[in-house]
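Chemist: Numbering (this note's numbering), first residue to last: 500 to 823.
Heads up, the beta-carbon is just placed ideally off N, CA and C, and yes, glycines get one too.
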Amino acid sequence: MRSVRRTGRLAAALALRTTAEAVAAGEVLPDVARGEAVLTALQSLSTCAAAVQRWDPVRSRHETLASSGYVGEALAAMEGAFHQDPLFPAVRASGRPLRVCDIAPADRRGPMFERVITPLRFTDGVSLCLVAGGRYVGSLHASTASDGVDDEAVDWLRLLRADLAGLVDPLGGQLPVVPGDGGVLAWLPDDGRVLALTPSGRASLLSGPLAALLHPSSWPSRLGRHLLVLRGAELTGVEARPAGRWVVVEHRPVAAPANLSLRELEVLCGLALGGTNRMVARSLGVTERTVATHVEHVLTKLGAGNRAAAAAFAVGAGLVRLPA
């Protein structure tokens, strides 16, 4: 019996890896199919219930991709409360599966026990947090009402953790962790889909003219593009880079180069477009004399010898001005 179980788990592991490798290679697989692939693999662990859940960083909760055996109330509890469970930090930090039987009886408390395990009379279970490129992307849960979760099942989850994470992660595990506190978006130019990867990710950035400037066809190289976007009184550093079929867009407020004032930045944008003082003055609603004064200040602060040099600086820095 044990050899039959092991053979079944090996077949499930190979099928899961094949699917994960295909996704990593760029094959398009809908979320439903990804979730079902992981769920099918989990069912080889001989548990009576299983769930595959993805983390939504904007809503700060999980969403279920696929499940079997859990009632709706249990799934809702896992979606909204697993990350608030007192055991969650330890599970996430360790990167290892955690079984109910490995938890001291005195520590068997919190939302998962109170709303899932105890009411449904599960005797054992296992949870695993999934990480891709340093990002938390979701979790897996499996429960049993008869036999416990055996050691081999735990080892199986540990060995396949990267494949499992790659299928749960909407980016297929291709995006590394992003340092700092800026916003991060994942954008699929082919169909316009945008996923916020951090709570401060602003999907609206890609709903206007900035999308055309960040499209891969506009990049100076295949490595991506960096822009300084001036919109109203706000200056934002925006960087786009490839992640498989996706484009990762990072954005954060930045200080003006060379301590340029807002008006000087606006004038510099005009110079980058080849505008004369008259053209720049007309676009900003000021006099030509005012523009000439700002041009002098810009040249001094940048250490540029002439307007062409200042314009070259702006182009090199990716400075663009967009409507407020």
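When you compare the CB positions of V748 and L639, do they come within less than 8 Å of one another, or not?
Modeler: What you label residue 748 is simply residue 249 of the sequence shown in a count that begins at 1. What you label residue 639 is simply residue 140 of the sequence shown in a count that begins at 1. No, the Cβ-Cβ distance between V748 and L639 is not below 8 Å.
Chemist: Which residue spans inside the stretch 613-685 form an unbroken beta strand (DSSP E) run of at least 3?
Modeler: Correct list: 623-631, 634-643.
Chemist: Taking contact to mean 3 or more Cβ pairs, one atom from each stretch, closer than 8 Å, check whether the stretch 569-576 and the stretch 534-542 are in contact.
Modeler: No, the stretch 569-576 does not touch the stretch 534-542.
Chemist: Is it buried or exposed for M500, if we count other Cβ within 10 angstroms and need 16 for buried?
Modeler: Counting from 1 along the sequence shown, the entry for residue 500 is found at position 1. Because the pLDDT at M500 is just 48, under 50, the model does not fix this residue reliably, and the value given afterwards should be weighed accordingly. So M500 ends up on the exposed side.
Chemist: Whole alpha helix (DSSP H) runs in the stretch 683-713 with 4 or more residues, listed along the chain?
Modeler: Listed in chain order, they are 709-713.
Chemist: Give the C-beta separation of G525 and R730 to the nearest angstrom, bearing in mind that I take them to be a contact with Cβ-Cβ under 8 Å.
Modeler: Looking up residue 525 in the sequence shown gives position 26. Looking up residue 730 in the sequence shown gives position 231. Not quite, the Cβ-Cβ distance comes to about 34 Å (not below 8 Å), so this is no contact.
Chemist: Applying the 10 Å Cβ sphere with the 16-neighbour rule, what's the burial state of A732?
Modeler: Translated into the one-based positions of the sequence shown, residue 732 becomes position 233. Classification for A732: exposed.
Chemist: Can we say the stretch 594-610 touches the stretch 525-534, given the rule of at least three CB pairs closer than 8 Å?
Modeler: As far as the Cβ criterion goes, the stretch 594-610 does not touch the stretch 525-534, which means the pair count is below three.
Chemist: Quick one: measure Cβ to Cβ for A664 and A631, integer angstroms, because I've assumed they're closer than 8 Å.
Modeler: As a position in the sequence shown, residue 664 is number 165, starting the count at 1. As a position in the sequence shown, residue 631 is number 132, starting the count at 1. Indeed, because the Cβ distance is near 4 Å, the residues count as touching under 8 Å.
Chemist: Going by C-alpha to C-alpha distance, which of C768, L656, Y635, I602 sits closest to V557?
Modeler: Position 58 of the sequence shown, counting from 1, holds the residue named residue 557. The option with the nearest alpha carbon to V557 is Y635.
Chemist: Going by DSSP, name the residue or residues bridged to T563.
Modeler: As a first step, residue 563 is located in the sequence shown; it is residue number 64 there, counting from the start. Paired residue(s): Q552.
Chemist: Out of A811, L670, P719, L734, which one is the CA nearest neighbour of A523?
Modeler: On the sequence shown, position 24 is the one that residue 523 refers to. Minimum Cα distance to A523 is reached at L670.
Chemist: For L629, count neighbouring Cβ atoms within 10 angstroms of its own Cβ and tell me buried if that reaches 16, exposed if not.
Modeler: To locate residue 629, count along the sequence shown from 1; it is residue 130. So L629 ends up on the buried side.
Chemist: Does the beta-carbon distance from L696 to L684 come in below 8 Å?
Modeler: Looking up residue 696 in the sequence shown gives position 197. Looking up residue 684 in the sequence shown gives position 185. Contact flag set, yes.
Chemist: Going along the chain, which residues of its own chain have a beta-carbon closer than 6 Å to the beta-carbon of V648, five neighbours each way excluded?
Modeler: Taking the sequence shown and counting its residues from 1, the one referred to as residue 648 is at position 149. Closer than 6 Å at the Cβ level, and outside the excluded window around V648, lie R598, D623, V625.
Chemist: Quick check on C768: buried or exposed, where buried means 16 or more other Cβ atoms within 10 Å of its Cβ?
Modeler: Against the sequence shown, residue 768 aligns to sequence position 269. The residue in question, C768, is buried, as its Cβ has 16 or more Cβ neighbours within 10 Å.
Chemist: Counting along the chain, where does the beta strand (DSSP E) carrying A739 start and finish?
Modeler: For this step, residue 739 is matched to residue 240 along the sequence shown. Its beta strand (DSSP E) spans residues 733-742.
Chemist: In chain order, what residues of the same chain lie with their CB nearer than 8 Å to the CB of L659, ignoring the 5 residues before and after it?
Modeler: Looking up residue 659 in the sequence shown gives position 160. Counting only Cβ-Cβ distances below 8 Å, and skipping sequence neighbours, we find A512, L515, R516, A540.
Chemist: By the DSSP assignment, the alpha helix (DSSP H) with R781 in it spans what residues?
Modeler: Along the sequence shown, one-based indexing puts residue 781 at 282. Run containing R781: 776-783, per the alpha helix (DSSP H) assignment.
Chemist: Quick check: what's the CA-CA separation for S593 versus A757?
Modeler: Taking the first residue of the sequence shown as position 1, residue 593 is located at position 94. Taking the first residue of the sequence shown as position 1, residue 757 is located at position 258. Whole-angstrom Cα-Cα distance: 45 Å.
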